[in-house]
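Novice:
Numbering (my numbering), first residue to last: 18 to 309.
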């Protein structure tokens, strides 16, 4: 009885310590985010005073008005949405096709393709050769520079490949007996059964596409093709206080306030999308990580 009592007590202690650690981690993550959101609703004068903010000292929407009044923000937003949606769809389709082929043990040259894929996970050509490649392909100042280089990821392909291996071969065989070809099997059987894995990859790639600004910084000089993250980068590098006259009153905003408002605006889409894909994300990671 004593041993059993000690075992129950140790489990309770573990649960308490574990919960405390999780709460501490949550606080460390949530508090800075809360500070960013609240500070974005503070006036330029309050932000200039500095200090950590739990609640707005002087509530103001001028930071958001300044950001949303800039027409280039809306153009950047549309570019980010377009490159994220198109990039995710094409990335999923291309990785799925390769993963479907690689999931077949009878594929000729499979070991060679695997070795080539693993090498690309550890080595790259470097920034300058990549830039020269983009230039020779005519992708500089081209919207496709956001899409074509991101068509394939070996890591994502491995997740999908391991998921596809778990689909019972009898499903494919029965479809082939009914006259279904490879494309029919892939599009009407494999992909519909792989929604958790596809949602996982969509979340990975979508977050990357939305947050990426280095592609624009390296390969795009046309501001009409800037994504919202590149616009945010431009705002962040500004180090001055702006005074703007609007109507009959004077509005004061600081670069920091505009930065914070832009950060909130650019983060909202991911915050909205993530909860929708979370359950698929967890199951997709678990199933895609199992190897036969």
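Glycine is no exception: its CB is placed at the ideal position from the N, C-alpha and C atoms.
Excluding the 5 residues preceding and the 5 following residue 243 in the sequence, name in chain order all residues of the same chain whose CB lies nearer than 6 Å to its CB.
Specialist: As a first step, residue 243 must be located in the chain shown, where it is residue number 226. Same-chain partners within the cutoff: 93, 233.
Novice: Count the other C-beta atoms from every protein chain shown that fall within 10 angstroms of the C-beta of residue 278, then say buried if there are 16 or more, exposed otherwise.
Specialist: Sequence index remark: in the chain shown, residue 278 carries index 261 (1-based). Sixteen is the threshold: when 16 or more other Cβ atoms of the shown chains lie within 10 Å of the Cβ of residue 278, as they do, the residue is buried.
Novice: Verify whether the separation of the beta carbon atoms of residue 206 and residue 112 is less than 9 Å.
Specialist: Mapped onto the chain shown, residue 206 falls at position 189. Mapped onto the chain shown, residue 112 falls at position 95. Going by C-beta atoms, residue 206 is not nearer than 9 Å to residue 112.
Novice: For a test of the three-state rule: what should DSSP assign to residue 243, helix, strand or coil?
Specialist: As a position in the chain shown, residue 243 is number 226, starting the count at 1. Here residue 243 sits in coil by DSSP.
Novice: Give a yes or no on whether the C-beta atoms belonging to residue 167 and residue 250 are separated by under 9 Å.
Specialist: Taking the first residue of the chain shown as 1, we reach residue 167 at position 150. Taking the first residue of the chain shown as 1, we reach residue 250 at position 233. No; because the gap between Cβ atoms is not below 9 Å, this pair is not in contact.
Novice: Secondary structure at residue 236, three-state DSSP: helix, strand or coil?
Specialist: The residue you call residue 236 lines up with position 219 of the chain shown. The answer is helix: DSSP assigns residue 236 an H, G or I state.
Novice: At what residues does the alpha helix (DSSP H) containing residue 105 begin and finish?
Specialist: For this step, residue 105 is matched to residue 88 along the chain shown. Looking at the DSSP string, the run of the alpha helix (DSSP H) that includes residue 105 is 88-119.
Novice: Give the DSSP bridge partners of residue 76, in chain order.
Specialist: Numbered from its first residue, the chain shown carries residue 76 at position 59. In the DSSP output, where bridge partners are listed per residue, residue 76 has 59.
Novice: So what's residue 156 in DSSP terms, helix, strand or just coil?
Specialist: Working through the chain shown from its first residue, we reach residue 156 at position 139. Coil.
Novice: By Cβ distance below 8 Å, which residues in the same chain neighbour residue 162 in space, the five residues on each side in sequence not counted?
Specialist: The sequence position of residue 162 within the chain shown is 145, counting from 1. Hits under 8 Å: 151, 156, 232, 236, 237.
Novice: In the DSSP assignment, the alpha helix (DSSP H) including residue 191 goes from what residue to what residue?
Specialist: For the purposes of this step, residue 191 is taken as the residue at position 174 of the chain shown. Where residue 191 is concerned, the enclosing alpha helix (DSSP H) starts and stops at 186-194.
Novice: With the cut-off set at 9 Å, would you say residue 228 and residue 287 are in Cβ contact?
Specialist: Here the question's residue 228 lines up with position 211 in the chain shown. Here the question's residue 287 lines up with position 270 in the chain shown. Contact flag set, yes.
Novice: Is it buried or exposed, residue 181, if we count other Cβ atoms within 10 angstroms and call 16 or more buried?
Specialist: Here the question's residue 181 lines up with position 164 in the chain shown. Counting Cβ neighbours within 10 Å, residue 181 comes out buried, since at least 16 surround it.
Novice: Where does residue 197 fall in DSSP's three states?
Specialist: The sequence position of residue 197 within the chain shown is 180, counting from 1. Note: residue 197 maps to coil in three-state DSSP.
Novice: Going straight from the alpha carbon of residue 160 to that of residue 39, what length do you get?
Specialist: Along the chain shown, one-based indexing puts residue 160 at 143. Along the chain shown, one-based indexing puts residue 39 at 22. The alpha-carbon atoms of residue 160 and residue 39 are separated by roughly 42 Å.
Novice: Mark residue 81 as exposed unless 16 or more other C-beta atoms lie within 10 angstroms of its C-beta, in which case mark it buried.
Specialist: One-based indexing of the chain shown puts residue 81 at position 64. With 16 or more other CB atoms across the displayed protein chains lying within 10 angstroms of its CB, residue 81 is buried.
Novice: Hey, could you find the ends of the alpha helix (DSSP H) residue 166 is sitting in?
Specialist: On the chain shown, position 149 is the one that residue 166 refers to. Segment: none, residue 166 is in no alpha helix (DSSP H) and carries neither H nor E.
Novice: With H, G and I counted as helix, E and B as strand and the rest as coil, what does DSSP make of residue 171?
Specialist: The residue labelled residue 171 in the question sits at position 154 within the chain shown. Reduced to three states, the DSSP call for residue 171 is helix.
Novice: Which residue comes first and which comes last in the alpha helix (DSSP H) that contains residue 221?
Specialist: The count along the chain shown starts at 1 and reaches residue 221 at position 204. Where residue 221 is concerned, the enclosing alpha helix (DSSP H) stretches over 212-228.
Novice: Determine the DSSP secondary structure at residue 71, reduced to helix, strand or coil.
Specialist: In the chain shown, the residue the question calls residue 71 occupies position 54. Coil at residue 71, not helix or strand.
Novice: Do you know how far the Cα of residue 30 is from the Cα of residue 41?
Specialist: Here residue 41 refers to the residue found at position 24 when the chain shown is read from its first residue. Here residue 30 refers to the residue found at position 13 when the chain shown is read from its first residue. So the two alpha carbons sit approximately 16 Å from each other.
Novice: Three or more C-beta pairs closer than 8 Å, one from the stretch 100-118 and one from the stretch 168-175: is that the case here?
Specialist: yes
Novice: What are the boundary residues of the alpha helix (DSSP H) that includes residue 16?
Specialist: Residue numbering for the chain in the displayed model covers 18 to 309; residue 16 lies beyond these limits and cannot be assessed.
Novice: Ignore the nearest five residues each way along the sequence and tell me which others in residue 193's own chain have a CB closer than 8 Å to its CB.
Specialist: To locate residue 193, count along the chain shown from 1; it is residue 176. Cβ within range, chain order: 202.
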